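So the structure is just underneath, and the comments pick up after that.
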Amino acid sequence: MADTEKDILRGGQFLVKETNCEDVFTPEDFSEEQTMMKESVMEFNDREIIPHKPRFEAKDYALTEEVMRKAGDMGFLSVAVPEAYGGMGMGFVSTVLTCDYISSGTGSFSTAFGAHTGIGTMPITLYGTEEQKQKYVPKLASGEWFGAYCLTEPGAGSDANSGKTTATLSEDGKSYKINGQKMWISNAGFCSLMIVFARIEDDKNITGFIVEYDGDNPNGIVLGEEEHKLGIRASSTRQVFFNDTVVPVENMLAGRGEGFKIAMNALNVGRIKLAAACLDSQRRILTTAVNYANERKQFKTPIANFGAIKTKLAEMAASAYAGESATYRAAKNIEDRIALREAAGNSHQEAELKGVEEYAIECSILKVAVSEDVQNAADEGIQIFGGMGFSEETPMESAWRDARIARIYEGTNEINRMLAVGMLVKKAMKGHVDLLGPAQKVQEELMGIPSFDTPDYSELFSEEKEMIKKLKKAFLMVAGGAVQKFGPQLEEHQQLLIAAADILIEIYMAESAILRTEKNVKRTSEAEQSAQIAMAKLYLYHAVDIVEEKGKESIISFAEGDEQRMLLMGLKRFTKYANYPDIVDLRIEIAEKVKAENKYCF
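Under UniProt numbering, read the sequence shown as residues 1 to 602, first letter to last.
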């Protein structure tokens, strides 16, 4: 087991340890069972969701509930649930895969599905007592009941622990009375169970409760009207009011004051699943855009032949490819860590909790990167459609509206950026990730004389992998300088944290795309992976630009004089290619492949 443990990088270690391409999982590694699951989910999406898009856009909440029941009948709500509680007990990769391919028909269903299978069910499977799991999880797994998650309040959004909802113990000690107001509650209109967070007396931290809801016997629960939203229009989103709602003491989730921990860990799972939920949307947006661009003629030529359109198609494809690569890499890391803990004697509950928590940094990275990429894809999709893209008659308009929420829920992207860097610094302080040693080496390298040898970059990706190493040094240099300057007060400097996070994100995404492609070249050929090689190189080129921009912004904000000059010279050294890629050629190659296949084909 010790050997296996060495092979699996801990969360955040990608920054300071080299990863071999053989050690990353890619979508091309799906097992036969996973491939069958993927096809089954895609078929369900094509049959039950996509043909009814106009009804979802017309706020047909009953349709969302109906399709959720059908998903339950197909077993899709139970993929992550252990067999002991009526689930399929499939691995974490299969959970992510299901979420990926079921989510592109409409954001309305995607939100209902994600809220139910993630934050509506997971807190009980991860934190529930055996009795709670036996009582509730089978109903949630089958779709007999649906779950909602009541955390956000009018005054408590990103600061989740500041909620005012109260839970008061009865005189006989047998129940709690919950009073308060929750808002933006997904699935509220058709749920039978709510995970509710409330504060007991003057506790520092909130506490979680499992609250049953029956519209015929509401127990003091009043639902507000359906919210009218920019996107995800048929996702039921309501305010929930609790007026002396009685909850038996045995329905407390975990222990008193454990609610904040439950909320944060449930969100870690939610974040990687949200990234997955944006992937097939990107594929579908690109496919729809290239279909249109191949058909639409201007100046007697399909617009897909114009360089301006090819640029858009290539950039959309590269972002989708990098998102896939990084999401499945992290999903398999989590799955392997869970298996490792189970082999060491942990319960499935404990193993899954710790397995996901281990990769909380990667979960935040993915949430930010993929949610922003899907928005960009939809935006460019509208542009390719031109005036028609702005019309409700074409699918781009709703794709753009649905994509917008992804940057807000499961923790805003600003919060997730700061979390990613904050968690990395905490891991370093605990000794889980050695940042100090590598940062020290970078300092020494900056003081030394640079090598003027011309390296041999004849092997595929040799220069790109060297660039990734240099970008990691840039992060260590910038983040290390900021930590030295501000110490524990760094978390007060949000602009610096966000800039450092952007560097961290680009490193993980670019490296994932390169490692996936390298692995696939080794089992096929460079010729067969030609467009994928181009996408990995194109994504890295943009990553280098972002690292240079954010690094400079940080350095000139916290350093001055000789230190500033030295750090800026270091940044220049760490972001300089020996041989710049021909970006126009890369884009043409990617776009020609997508054009010829008339779809996202990777």
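We put the beta carbon where it would ideally sit given N, CA and C, even for glycine. As the structure is a prediction and not an experimental result, all values here were calculated from the model.
Sixteen is the threshold: when 16 or more other Cβ atoms of the shown chains lie within 10 Å of the Cβ of Met535, as they do, the residue is buried.
The beta-carbon distance between Ala80 and Gly86, rounded to whole angstroms, is 12 Å. This is too long to meet the 8 Å contact definition. Taking C-alpha positions only, Cys150 is separated from Phe197 by approximately 6 Å.
Taking the C-beta atoms as reference points, Tyr539 is found no nearer than 9 Å to Met467.
Cβ-Cβ separation between Ser236 and Glu226: approximately 6 Å, consistent with a contact (criterion under 8 Å).
In its chain, beyond the 5 residues on either side, Leu497, Ala500, Ala501 have a beta carbon closer than 6 Å to the beta carbon of Val421.
When C-beta atoms of the region 197-209 are compared with those of the region 162-179, three or more pairs fall below 8 Å, so the two segments count as touching. As for any alpha helix (DSSP H) of minimum length 4 sitting wholly inside the UniProt domain "Acyl-CoA dehydrogenase-like C-terminal" (470-573), the runs are 494-523, 530-558, ordered along the chain. The beta carbon of Ala314 sits closer than 6 Å to those of Arg587, Ile590, Ala591, all from its chain and outside the five residues before and after it, given in chain order.
Tyr101 carries a helical assignment under DSSP once its states are collapsed to helix, strand and coil. Counting the other CB atoms within 10 Å of its CB gives Tyr580 a total below 16, which places it among the exposed residues. One Cα belongs to Ile334, the other to Met316, and the distance between them is close to 27 Å.
When DSSP states are grouped into helix, strand and coil, Asp434 belongs to the coil group.
Ile8 and Ala331 have their C-alpha atoms roughly 12 Å apart. For Arg329, same chain residues with a beta-carbon under 7 Å away, outside a window of 5 residues either side, are Val24, Phe25, Ser512 in chain order. Listed in chain order, the alpha helix (DSSP H) elements of length 4 or more contained wholly in the region 393-450 are 396-404, 413-430, 436-447. The beta carbons of Asn187 and Gly147 sit closer together than 9 Å. Look at the region 271-351 and you find these whole runs of alpha helix (DSSP H), each 4 residues long or longer: 307-343.
With fewer than 16 other Cβ atoms from the protein chains shown falling within 10 Å of its own Cβ, Asn291 counts as exposed. Take Ser94, set aside five residues on each side of it, and the residues of its chain with a beta-carbon closer than 7 Å to its own are Gln34, Met37, Val79, in chain order. Within its own chain, the residues whose Cβ lies closer than 8 Å to the Cβ of Arg417, once the five positions on either side in sequence are excluded, are Ser364, Val368, Leu497, Ile498, Ala501, Asp502, Ile505, listed in chain order. Going by DSSP, Phe113 is part of the alpha helix (DSSP H) stretching over 107-114. Assignment of beta-bridge partners to Gly180 by DSSP yields Phe242. When DSSP states are grouped into helix, strand and coil, Phe260 belongs to the helix group. DSSP lists no beta-bridge partner residue for Gly386. Here the C-alpha atom of His432 lies approximately 25 Å from the C-alpha atom of Asn413. The beta-bridge partner set that DSSP reports for Phe209 consists of Val196, Met252.
Pairwise C-beta distances place the region 353-362 out of contact with the region 235-252, as fewer than three of them are shorter than 8 Å.
Inter-residue distance for Gly11 and Met396 is about 36 Å (C-alpha atoms, whole angstroms). Each residue's CA atom was taken as its position, placing Ala304 and Lys310 some 6 Å apart.
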